[in-house]
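For the sequence shown, full-length UniProt numbering begins at 1 and goes up steadily by one. Built from N, CA and C at the ideal position, the CB exists for glycine as well. Below is one structure, written out as structure tokens; the observations come after it.
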Amino acid sequence: MAGPLEKSIVVIGGSIAGLMHALTLKSHGHNVVVLEMRTERQLQARAAGLSLWPNAQKLVTTYIPEIELDDIVFRNPAFPILDKTGSVLVELPFTDDVRTSCWTGIHGLLLMACEKEVEGHGLVAMQYGYQVCGLTEHNDHVVVAYKDKNGIEDQITADTVVAADGARSYPRSLVLPDVKTEYVGYVAWRSQFPELDAPEELRCAIEGKMPLFMLDGSYIVVYMSPNEIGSMRPGERVIEWCWYDTCDASTPVFGDYMTDVDGVRHNVTVPGNLLRPEVWKAQLERREKTLSPMWRKIFQESSMPLLTAVRF
Numbered sequence: 001m002a003g004p005l006e007k008s009i010v011v012i013g014g015s016i017a018g019l020m021h022a023l024t025l026k027s028h029g030h031n032v033v034v035l036e037m038r039t040e041r042q043l044q045a046r047a048a049g050l051s052l053w054p055n056a057q058k059l060v061t062t063y064i065p066e067i068e069l070d071d072i073v074f075r076n077p078a079f080p081i082l083d084k085t086g087s088v089l090v091e092l093p094f095t096d097d098v099r100t101s102c103w104t105g106i107h108g109l110l111l112m113a114c115e116k117e118v119e120g121h122g123l124v125a126m127q128y129g130y131q132v133c134g135l136t137e138h139n140d141h142v143v144v145a146y147k148d149k150n151g152i153e154d155q156i157t158a159d160t161v162v163a164a165d166g167a168r169s170y171p172r173s174l175v176l177p178d179v180k181t182e183y184v185g186y187v188a189w190r191s192q193f194p195e196l197d198a199p200e201e202l203r204c205a206i207e208g209k210m211p212l213f214m215l216d217g218s219y220i221v222v223y224m225s226p227n228e229i230g231s232m233r234p235g236e237r238v239i240e241w242c243w244y245d246t247c248d249a250s251t252p253v254f255g256d257y258m259t260d261v262d263g264v265r266h267n268v269t270v271p272g273n274l275l276r277p278e279v280w281k282a283q284l285e286r287r288e289k290t291l292s293p294m295w296r297k298i299f300q301e302s303s304m305p306l307l308t309a310v311r312f
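Now the structure itself:
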């Protein structure tokens with residue numbers, strides 16, 4: 001049972017950052033409610049690879065002590081820089097302990113840890129489809145107004161509110177209204193293919209390295225990842241690629257790319273299951289002259305990519 005310092009805490013955002021905060025606070029005896037505006041399915045549709053730097057690794061091993069880190073991540077000793085044909089230009093060592101995994105695996109691990117009942121810890125309640133629409137200070141508390149997945153308005157009172165709802169954070173827009181993210185002129189296309197289909201030029205990725213392919217005006221980062229169910233077994237893993245390419249926001253191309261199969265215009269990410277096939281075809285045709293036969297083949301064999309407009 002939680003001690004006398006137990007607090008009621010609301011975390012806005014149920015992705016990786018939100019769950020990291022929820023798990024840490026829960027472990028110190030506080031009860032946490034996580035409000036995530038998207039459904040579980042919508043969250044999964046935006047899943048991709050990720051890197052865990054030392055601080056993130058420390059958080060995972062501290063608050064999930066039973067986990068063996070090497071069972072869920074790949075060590076990245078170096079990143080070779082190659083030209084578009086696959087010839088190595090230079091290989092640079094990582095100066096930090098960087099390890100890669102997948103969003104699905106890390107999010108699932110954090111979620112299980114949050115939902116696990118542990119003596120002396122608080123409890124975490126996950127609420128999906130809840131959109132926060134107001135924050136009001138009342139005495140020593142914060143009143144969080146929200147709409148649930150059925151559009152019903154309600155509110156919850158908390159001792160502390162943590163804003164972990166991403167680049168377009170609603171709480172941040174209230175506290176720091178002048179801080180806005182800006183599109184930087186690049187989009188990221190991300191997908192994967194089975195490691196067994198890896199060409200010779202990408203064998204170094206299976207060894208844990210993170211090759212970077214330089215193209216004309218763009219580049220592709222490649223890394224190993226667990227498969228969709230989190231398997232790290234050789235032969236069952238996947239190779240993820242992320243292609244950063246320029247795209248002028250003032251052109252019709254950008255607006256067309258960010259419009260999904262249902263005609264909805266997205267500001268940040270178009271999930272792979274909503275990306276229009278003709279958009280991906282148009283991108284490949286637009287960059288046909290810069291792609292080597294190897295990458296044309298990989299793109300053909302990969303699942304439909306998700307598309308993200310990079311913002312800072």
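Residue i in three-state terms, based on DSSP
i, result
"ASN273", "coil"
"PHE79", "strand"
"LEU202", "helix"
"TYR130", "coil"
"GLU137", "strand"
"ARG286", "helix"
"residue 333", "Summary: the structure shown does not reach residue 333, with the chain confined to residues 1 through 312, and so no result is reported for it."
"ARG168", "coil"
"ARG237", "coil"
"VAL118", "coil"
"VAL264", "coil"
"THR251", "coil"
"VAL162", "strand"
Contacts around residue i, its chain only, beta-carbon distance under 6 Å, and the 5 residues preceding and following it disregarded
i, result
"THR259", "ARG265"
"TYR257", "VAL279"
"ALA167", "THR181 and ARG311"
"THR290", "LEU215 and ASP216"
"GLU91", "ALA78 and PRO80"
"SER8", "ASN31, ALA158 and ASP159"
"TYR128", "GLU36, THR39 and GLU40"
"GLY13", "ALA164 and ASP165"
"PRO292", "As written in the sequence, residue 292 is Ser, which differs from the Pro given in the question. Closer than 6 Å at the Cβ level, and outside the excluded window around SER292, lie LYS84 and THR85."
Residue i to residue j span [Cα, whole Å]
i, j, result
"PRO277", "VAL118", "47 Å"
"MET126", "VAL161", "15 Å"
"SER169", "ASN267", "13 Å"
"GLU137", "VAL175", "12 Å"
"TYR130", "GLU285", "40 Å"
"MET1", "VAL253", "At MET1, the pLDDT of 37 sits below 50, so the modelled position is not reliable; the number obtained from the coordinates is stated separately. Rounded to whole angstroms, MET1 to VAL253 spans 56 Å at the Cα level."
"LEU110", "MET20", "7 Å"
"GLY272", "ILE152", "30 Å"
"GLU207", "LYS297", "22 Å"
"GLY185", "LEU89", "26 Å"
"LEU274", "ASP262", "8 Å"
"ASP154", "SER191", "39 Å"
"MET304", "HIS141", "46 Å"
"TYR183", "THR246", "11 Å"
"PRO234", "ALA188", "27 Å"
"ASP248", "CYS242", "19 Å"
"TYR244", "GLU195", "21 Å"
"GLU240", "VAL11", "30 Å"
"PRO171", "ARG38", "16 Å"
"ALA282", "PHE299", "13 Å"
"ALA164", "VAL132", "12 Å"
"PHE193", "ASN139", "54 Å"
"LEU69", "MET224", "15 Å"
"LYS209", "SER250", "37 Å"
"GLU201", "PRO93", "18 Å"
8 Å Cβ shell around residue i - same chain, five flanking residues per side excluded
i, result
"SER231", "ARG237"
"ASP71", "MET232"
"VAL144", "VAL10, ILE12, LEU35, VAL132, GLY134, LEU135, GLN155, ILE156, THR157, ALA158 and VAL161"
"GLU67", "The question names Glu, but residue 67 in the sequence shown is Ile. Cβ neighbours of ILE67 beyond the five flanking positions: VAL60, THR61 and LEU109."
"ARG287", "LEU215, SER218 and ASP245"
Neighbourhood of residue i by C-beta distance below 7 Å, restricted to the same chain and skipping five residues each side
i, result
"ASP197", "GLU301"
"VAL124", "ALA22, LYS26, VAL32, VAL34, CYS114 and GLU115"
"PRO199", "MET294"
"VAL270", "MET258, ASP260, LEU306 and LEU307"
"THR95", "none"
"ILE64", "LEU109 and ALA113"
"GLY105", "ILE72, PRO226 and GLY230"
Identity of the residues DSSP links to residue i by a beta bridge
i, result
"CYS242", "ARG190 and VAL221"
"GLN155", "ALA145"
"TYR183", "ARG311"
"GLU36", "TYR128"
"SER8", "ASN31"
"MET214", "ASP83 and TYR219"
"GLU91", "PRO80"
"SER101", "LEU50"
"LEU306", "ARG190"
"THR259", "ARG265"
Cβ of residue i within 7 Å of any chain C Cβ
i, result
"GLU119", "No chain C is present in this structure, which holds just one protein chain."
**OP:** Inspect the CB distances between the stretch 208-223 and the stretch 67-83 and report whether three or more fall short of 8 Å.
**Re:** A contact is defined here as three or more CB-CB pairs under 8 Å, and the stretch 208-223 meets this definition with respect to the stretch 67-83.
Original post:
Pairing CB atoms from the stretch 66-77 with CB atoms from the stretch 86-101, are three or more of them under 8 Å?
Top reply: A contact exists between the stretch 66-77 and the stretch 86-101.
Original post:
Quick one: any contact between the stretch 143-158 and the stretch 45-63, if contact means 3 or more CB pairs under 8 Å?
Top reply: The stretch 143-158 is not in contact with the stretch 45-63.
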